[in-house]
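Here the sequence shown is numbered in numbering that gives the first Met the number 0, starting from 0 and rising by one per residue.
Glycine is no exception: its CB is placed at the ideal position from the N, C-alpha and C atoms.
Below is one structure, written out as structure tokens; the observations come after it.
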Amino acid sequence: MKSTSFKNHISVDCVIFGYNEEENKLEVLLIEQKEPSQNSSHPYVPQFALPGDLVNEEESLDDAAVRVLKELTHVEGLHLRQFFSFGDPMRVKQEKDIEWLKFYRSDPDARVITVSYYTLVRKEMINPEPGSFAKNVVWRNIKRVPPLAFDHNQIVKKATEDIKDRIYQNHIAHQLLPKKFTLRQLQNLYEVVLNTEFDKRNFVKRIKKDEELIPLAEKQKGVMHKPAQLYSFKMKKKK
């Protein structure tokens, strides 16, 4: 039997969703790749990408995701959830990516399998800044994500689908809303994550069945309209 020698690399990619409550938008954090050397033989077209890089030898996947995110965006302290792996042999073989890989990878022809992570944060809670091979960091509306490097559009799409599947079970709203909020704020969040609109009465009827939701004996203050009742979520018990 003829043996074939080939190399596989493992990488991690991080999808950081930021909730912009003021504009009621869900956004994704992207890096702008630094251009290869000016001595490159081919013109380089700048691309946006997810924060991602190769896993170091003897480094766990979780540790790699934390390190890569910090190195590229200076963001740390987030809870990253591993959600899917992408291993198409052609995922790093597209012409649009080859020039960048030749400059930034010691083995640019190697196949790369990536393990992807995501998290959701209130956008104002982090202050990303570019580092390593990131020329810039930007937020983009999840509805208008530009063409990205490699297969990163597919990764963003998969992460968005995963959020939609888990929004009710995992209480995503716990980490994206203030400690005290109105049902209108809660409905706005669910609508932007699920990319749909709810009838107000039906939404309120459904959400009030959530045992984690606690009505407070408080109302909004300093608003021009009739103040709405405030709610909170039950505090999770520390193990």
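Following the DSSP letters along the chain, one finds Val67 in no beta strand (DSSP E) but inside the alpha helix (DSSP H) bounded by residues Leu60 to Thr72. Note that the stretch 73-84 touches the stretch 111-128; at least 3 beta-carbon pairs, one per stretch, sit closer than 8 Å. Shown here for Ile213: same chain residues with a beta carbon closer than 8 Å to its own, the five before and five after excluded, namely Tyr230, Ser231, Phe232 and Lys233 in chain order. In its chain, beyond the 5 residues on either side, Ser10, Val11, Asp12, Cys13, Val67 and Thr113 have a beta carbon closer than 7 Å to the beta carbon of Gly51. Here Leu119 carries a strand assignment [DSSP, helix/strand/coil].
Of all alpha-carbon atoms in Tyr43, Gln184 and Phe132, the one lying nearest the alpha-carbon of Leu49 is that of Phe132.
In the structure shown, Gln168 falls within a coil segment according to DSSP collapsed to helix, strand and coil. Thr118 is the residue among Leu53, Asn187, Thr118 and Gln184 whose C-alpha sits nearest the C-alpha of Val155.
Annotation: the continuous beta strand (DSSP E) that includes Tyr230 extends over Gln228 to Phe232. Using a 10 angstroms sphere on the CB of Glu94, the tally of other CB atoms stays under 16, which defines it as exposed. Within the same chain, Val14 and Tyr117 come within 6 Å of Ala158 by CB-CB distance, once the 5 residues on both sides are set aside. DSSP places Phe82 in the strand class (E or B) of the three-state scheme. For Arg205, the closest of Val27, Pro146, Leu185 and Ala64 by C-alpha to C-alpha distance is Leu185. With a 10 Å radius around the Cβ and a threshold of 16 neighbouring Cβ atoms, Asp61 comes out exposed. Your pair Asn7 and Ala172 does not check out as a contact, with CB atoms roughly 39 Å apart and the cut at 8 Å. When the Cα atoms are used, Leu77 and Tyr167 turn out to be separated by approximately 21 Å.
Ile30 sits close to Val136, with the two beta carbons spaced by under 8 Å.
Secondary structure of Asn19 (DSSP, three-state): strand. Among the bridge pairs identified by DSSP, Leu185 is matched with none. By the neighbour-count criterion, in which a residue is buried when 16 or more other Cβ atoms sit within 10 angstroms of its Cβ, His224 is exposed.
The Cβ atoms of Val74 and Ile125 sit closer than 8 Å to each other.
Restricting attention to Phe16, Lys24, Val54 and Lys33, the CA atom closest to the CA of Arg80 is found in Phe16.
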